Amino acid sequence: MADELKNMNKYKSIIKRVGRNHGVEPSIIAGIISRETRAGTGAGLVNGWGDNGNAFGLMQVDKNWHIPRGGWDSEEHLSQATGILVDIIRSVQRKFPSWTKEQQLRGGLAAYNIGLDKVHSYSRVDENTTGGDYSKDVLARAEFYRRNGY
1 MADELKNMNK YKSIIKRVGR NHGVEPSIIA GIISRETRAG TGAGLVNGWG
51 DNGNAFGLMQ VDKNWHIPRG GWDSEEHLSQ ATGILVDIIR SVQRKFPSWT
101 KEQQLRGGLA AYNIGLDKVH SYSRVDENTT GGDYSKDVLA RAEFYRRNGY
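Just so we're aligned: 100 in the UniProt record's numbering is position 100 of the sequence shown, and the numbers increase by one with no gaps anywhere.
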């Protein structure tokens, strides 16, 4: 992850600003960027497009659900994607009001990956996500970035 960290550091000030503006820990944003695009260096990423041309940018905004904004590694893109994350976390909070904040965050991360309709319970929050571990992996990556100043 050392090479990825070096690349992520190019976006650190933008990530922190976007996090502050949206009330999201910068480490969570970095965790998503790490999972989705390995800080822009992931295999299969062509001109910012991944997922067979269906997802755009460092945080892989799905063009089938959203109109991607900004350059693939721009503050505008990160702000849009973080806004999408905030909205989906709020939707999880409404759908699962008895969950703890940490559980709602995990549910929001899973829903960011697969959509709210595919999140059914906390015990199986990642069962439909890419690799079956999306929220858990993003949080592990976020912890790495938190320890590295995000």
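Beta carbons: idealized from backbone N, C-alpha and C, even for Gly.
This one's a predicted model, so the numbers in the text were calculated from it and none came from an experiment.
**Boundaries (first-last residue) of the alpha helix (DSSP H) holding Y145** = Numbered from its first residue, the sequence shown carries residue 145 at position 145. Y145 -> alpha helix (DSSP H) spans Y134 to R147.
**Request:** Select from R106, R124, N148 and S121 the residue whose C-alpha is nearest the C-alpha of D137.
**Result:** As a position in the sequence shown, residue 137 is number 137, starting the count at 1. Relative to D137, the option among R106, R124, N148 and S121 whose CA is nearest is R106.
**Item:** Enclosing alpha helix (DSSP H) for K101 [first to last residue]
**Value:** Mapped onto the sequence shown, residue 101 falls at position 101. Following the DSSP letters along the chain, one finds K101 inside the alpha helix (DSSP H) bounded by residues K101 to I114.
**Straight-line gap, Q80 to R124 (C-alpha atoms, nearest Å)** = Position 80 of the sequence shown, counted from the start, is the residue given in the question as residue 80. Position 124 of the sequence shown, counted from the start, is the residue given in the question as residue 124. The alpha-carbon atoms of Q80 and R124 are separated by roughly 28 Å.
**Message:** Could you pull the DSSP bridge partners for V46 from this structure?
**Reply:** The sequence position of residue 46 within the sequence shown is 46, counting from 1. Partner(s): W49.
**Request:** Have a look at S13 and V86 and give me their C-alpha separation to the nearest angstrom.
**Result:** Locating residue 13 in the sequence shown gives position 13, counting from the first residue. Locating residue 86 in the sequence shown gives position 86, counting from the first residue. Each residue's Cα considered, the two are about 20 Å apart.
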